[in-house]
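Written below as C-alpha cells is the structure these notes are about.
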Amino acid sequence: MAGRIEDYALIGDMQTAALVCQDGTVDWLCLPRFDSHAVFAGLLGTEEHGFWRLGPAHASDAEPPRASRRTYRGDSLILESEWDTPRGTVRVTDFMPPRDGAPQLIRIVEGVTGRVPMRSALRMRFSYGRVVPWVHRHEGRTVAVAGPDSVWFDTACETYGKGLTTYADFTVAPGDRIAFAISWEPSHKQPPALPEPEQALEATEEFWREWVEHCTYHGPYREAVVRSLITLKALTYAPTGGIVAAPTTSLPEHVGGVRNWDYRYTWLRDAAITLSSLLRTGYREEARAWREWLLRAVAGDPENLQIMYGIAGERELGEAELDWLPGYEGSAPVRVGNGAAHQLQLDVYGEVIEALHLAHMTGLARNDYASLLQLKLIRYLEKHWDEPDEGIWEVRGPRRHFVHSKVMAWVAVDRTIKLIESGDADGPLEKWRELRDDIHRDVCERGYDKERNTFTQSYGSKELDASLLLIPQMGFLPPDDKRVIGTIEAIQRELSTPDGFILRYPTSGEEEGVDGLPGDEGAFLACSFWMADDLAMIGRVDEARKLFEKLLALRNDLGLLAEEWDPALQRQVGNFPQAFSHVPLIDTALRLTASGAYGG
Numbered sequence: 111m112a113g114r115i116e117d118y119a120l121i122g123d124m125q126t127a128a129l130v131c132q133d134g135t136v137d138w139l140c141l142p143r144f145d146s147h148a149v150f151a152g153l154l155g156t157e158e159h160g161f162w163r164l165g166p167a168h169a170s171d172a173e174p175p176r177a178s179r180r181t182y183r184g185d186s187l188i189l190e191s192e193w194d195t196p197r198g199t200v201r202v203t204d205f206m207p208p209r210d211g212a213p214q215l216i217r218i219v220e221g222v223t224g225r226v227p228m229r230s231a232l233r234m235r236f237s238y239g240r241v242v243p244w245v246h247r248h249e250g251r252t253v254a255v256a257g258p259d260s261v262w263f264d265t266a267c268e269t270y271g272k273g274l275t276t277y278a279d280f281t282v283a284p285g286d287r288i289a290f291a292i293s294w295e296p297s298h299k300q301p302p303a304l305p306e307p308e309q310a311l312e313a314t315e316e317f318w319r320e321w322v323e324h325c326t327y328h329g330p331y332r333e334a335v336v337r338s339l340i341t342l343k344a345l346t347y348a349p350t351g352g353i354v355a356a357p358t359t360s361l362p363e364h365v366g367g368v369r370n371w372d373y374r375y376t377w378l379r380d381a382a383i384t385l386s387s388l389l390r391t392g393y394r395e396e397a398r399a400w401r402e403w404l405l406r407a408v409a410g411d412p413e414n415l416q417i418m419y420g421i422a423g424e425r426e427l428g429e430a431e432l433d434w435l436p437g438y439e440g441s442a443p444v445r446v447g448n449g450a451a452h453q454l455q456l457d458v459y460g461e462v463i464e465a466l467h468l469a470h471m472t473g474l475a476r477n478d479y480a481s482l483l484q485l486k487l488i489r490y491l492e493k494h495w496d497e498p499d500e501g502i503w504e505v506r507g508p509r510r511h512f513v514h515s516k517v518m519a520w521v522a523v524d525r526t527i528k529l530i531e532s533g534d535a536d537g538p539l540e541k542w543r544e545l546r547d548d549i550h551r552d553v554c555e556r557g558y559d560k561e562r563n564t565f566t567q568s569y570g571s572k573e574l575d576a577s578l579l580l581i582p583q584m585g586f587l588p589p590d591d592k593r594v595i596g597t598i599e600a601i602q603r604e605l606s607t608p609d610g611f612i613l614r615y616p617t618s619g620e621e622e623g624v625d626g627l628p629g630d631e632g633a634f635l636a637c638s639f640w641m642a643d644d645l646a647m648i649g650r651v652d653e654a655r656k657l658f659e660k661l662l663a664l665r666n667d668l669g670l671l672a673e674e675w676d677p678a679l680q681r682q683v684g685n686f687p688q689a690f691s692h693v694p695l696i697d698t699a700l701r702l703t704a705s706g707a708y709g710g
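In terms of the numbering used here, the numbers along the sequence shown are unbroken and rise by one, the last being 710.
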C-alpha cells in the first residue's frame, strides 16, 4: 500500500519526476516525460503495478522500515535518507541529473556506521502497471523491454530475478558507496550510455547551487520560498518552458472519492501565476521561456484559447479511465488526460494578460507577437466577456456568470489599456476604457449581495467562493473598500474549516454540488494563502502572519505541499507537489516581508 501523500519526496530532472516514499520506495515515475506512461505506478495501485524499493533488508517486505530522517542536500533536489538500524546506519542518496541524453534515476547507498544488510527490489511495469516487460541481460546489463520502451538497470551488485522482480542483496560498511541506476531509451535504439553516478551527483549539485544563487529574496521566510522555487523549477519542462500543475494524476481531493484528475499538463492559469512568482524572485530566463511556450501554444488560433495544453503545446488531452488501477487508497477512477481542456474559462484571459503585463513591467525584452496576442485576446473578450462559463474551478455542472471570471476579464482589459498608454502597443483606447468601466459596473451590480455585504460566486447566487479573495489583489477594488472587507469576513465565516483554513466553495456531500460532482474536498491551500494576503492588505497583519505560519506547518518534512488539506483526516490530499500551492506561498511570504509582518 502506498504511503500518505506527505510521506513522499520529489526528485526530478525538469522533464519528468519521481516520488520517493519514506521507506525508500519509488512509487511513481513516468518516462520519458511528465505526461508519459508510468513505469512505477504503485502509488495508484499495489506493488503489482511497479515500484523500486531500496533500503535496509527486513524480515517482511510488506512492512519496510521508514527512514529515521531525510532531507534535501542543501538547496537542491538531491534527497538524502538515513536509516538507523540495530546493525548500523546507512544513507541513500536519490536524484535525477538534469538531462543530457537518456533520463536517469540514480540511487547511491553509503555505509555510515556498522555493517548494514541492504536490499534493492525493482519491479518495472509499463503502461501504468498494465504491461509486464521482458526482462533479460544484455552485455552485462539488465534491460526491461515492452513495445516502444526500454529501461536499463545498472549496478555493480549481483542481481537475481524472483517473482517477476529484480533483486540485489548486499551489505555496506563505513565508506562503502554502491550505486544503482535506471535509464530509459526507446526500445528500437541503441542502449543508453552507462551512468556515471558520482560525476552525475556532482553535476546535479552544482546545477542547483548555481540556480538558487539567482534568487533575489532574502527575507525571513527564505527557506520556505527557496524550497518552493526549486519545486516550481522541477515542474518546468525544460525543452519547451511549459510548466505542469503537478507531476501526478488522480491523487484524490477526497480520499475514497471520485475527484481525481490528471495534473500533468500546463494550465495557463497555473503557469501564469508561476511565472509571476519567478519574475518577482529573480528568474527572468524561466519567464522568457514560458512566454515563448505560450506564443507557440496559441499560435494561429488565439481566439480559441484553451485553459490547458500539453507540455509541448499539444491541444488534444482526451480523458480516459484506467480501470485496472484501484486508485490511491481506493480512490477511483484513475484518470489520464483531462476533459476540462476545452472548457470555457474566461478568467484565463486575465491571468495570461496579467503575466504578460508583469513580464513587460519587469523589463523582459519586448516581444512584438506577445503584444499582438494580447490585443487579439482583448478583441475576443469584447464579444464574449458577458457569457457564462465554467469558471476557475472547472465545474462540470452548467455554465454560470462567475464573478471571478468577470473580474479577470476586467484585469485583461485594464492591463491592455496600460500597455497602450505606455506606448508599446496601439489600440482603441477610449473604446476599451468604456469596456473596462462596463465590466466593472456589471460585476458590482450583479455579483454583489447588498444585504450580506459580500460578492457572491456567480450572478444571482447566494454561495461564496474563495476566488473572490483575488478582487483586491488584482486591483479591481481597493483593500479598504467596504465590499472587499465584507467579502473577506463572509468567506472567513462561511468557508473556513475549524482550524482556520479556507474551502474553495461549499460542497454538498453525497449530493451533486455546484461543481456537478458528488462528495466533499479538503481546504484548498491556495485559497488559504489568498486569505492571508487579504488580511495583510486590510491591515490585519498579525492575523495574516499567524495564518501563513499555520500553513507553513502543513508542509511535509521536506517543505512540500499537495493541493489541499483534509481537516478531518489531518493530512494532505490532491495531486503532489502542487504548483498552485507553492506559488501563493511565495507571494504571501513576499507580501508579509514587505509589510514587516513576521515573527522574530
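Yeah, the Cβ is synthetic: ideal placement off N, Cα and C, and Gly gets one too.
This one's a predicted model, so the numbers in the text were calculated from it and none came from an experiment.
The criterion of a C-beta distance shorter than 8 Å is satisfied by residue 500 and residue 454. Around the C-beta of residue 217, 16 or more other C-beta atoms lie within 10 Å, and the residue is accordingly described as buried. When beta bridges are read from the DSSP output, residue 272 appears opposite 275.
Nearest Cα to residue 677 within the set 670, 664 and 686: 664. Residue burial is scored here from C-beta neighbours: residue 373 has at least 16 other C-beta atoms within 10 angstroms and is therefore classed as buried.
Taking one beta carbon from each stretch, the stretch 540-549 and the stretch 558-577 have fewer than 3 pairs nearer than 8 Å; the two do not touch.
Secondary structure of residue 441 (DSSP, three-state): strand.
Sorting 473, 450 and 387 by C-alpha distance to the C-alpha of residue 427 places 450 at the top.
Judged by their CB atoms, residue 264 and residue 304 are nearer to each other than the 8 Å cut-off. Under the 8 Å Cβ criterion, the stretch 318-336 does not count as touching the stretch 262-277, having fewer than three qualifying pairs. A residue is called buried once 16 or more other Cβ atoms fall within 10 Å of its Cβ, and residue 560, having fewer, is exposed.
Residue 634 sits in a strand when the DSSP states are folded into three classes. Assignment of residue 218 by DSSP, reduced to helix, strand and coil, places it in the strand class. By the neighbour-count criterion, in which 16 or more other beta carbons inside 10 Å mark a residue as buried, residue 386 falls on the buried side. By a beta-carbon distance limit of 8 Å, residue 639 does not contact residue 702. Their separation comes to about 11 Å. Cβ contact annotation for residue 694 (same chain, cutoff 7 Å, sequence separation greater than five): 636, 639 and 640, in chain order. The C-alpha of residue 673 is placed about 6 Å away from the C-alpha of residue 683. Residue pairing from DSSP places residue 558 in a beta bridge opposite 565. Taking the Cβ atoms as the reference, residue 131 lies roughly 14 Å from residue 155, outside the contact range of under 8 Å. When the beta-carbon positions are compared, residue 225 and residue 201 stay at least 8 Å from each other. Annotation: the stretch 641-667 contains no complete segment of the beta strand (DSSP E) (minimum length 3 residues). Going by DSSP, residue 603 is part of the alpha helix (DSSP H) stretching over 592-605. Nearest to residue 632 by C-alpha distance, out of 188, 607 and 219, is 607.
Following the DSSP letters along the chain, one finds residue 611 in no beta strand (DSSP E), marked with neither H nor E. By the C-beta criterion, the stretch 407-417 is judged not to be in contact with the stretch 330-339, since fewer than 3 inter-stretch pairs fall below 8 Å.
Taking each of 572, 507, 492 and 563 in turn and checking the Cα distance to residue 541, the smallest one comes out for 492. DSSP, read as helix, strand or coil, puts residue 407 in helix.
Around residue 188, the same chain offers 121, 182, 203, 204, 205, 311, 314, 315 and 318 as residues with beta carbons nearer than 8 Å, after the five sequence neighbours per side are excluded.
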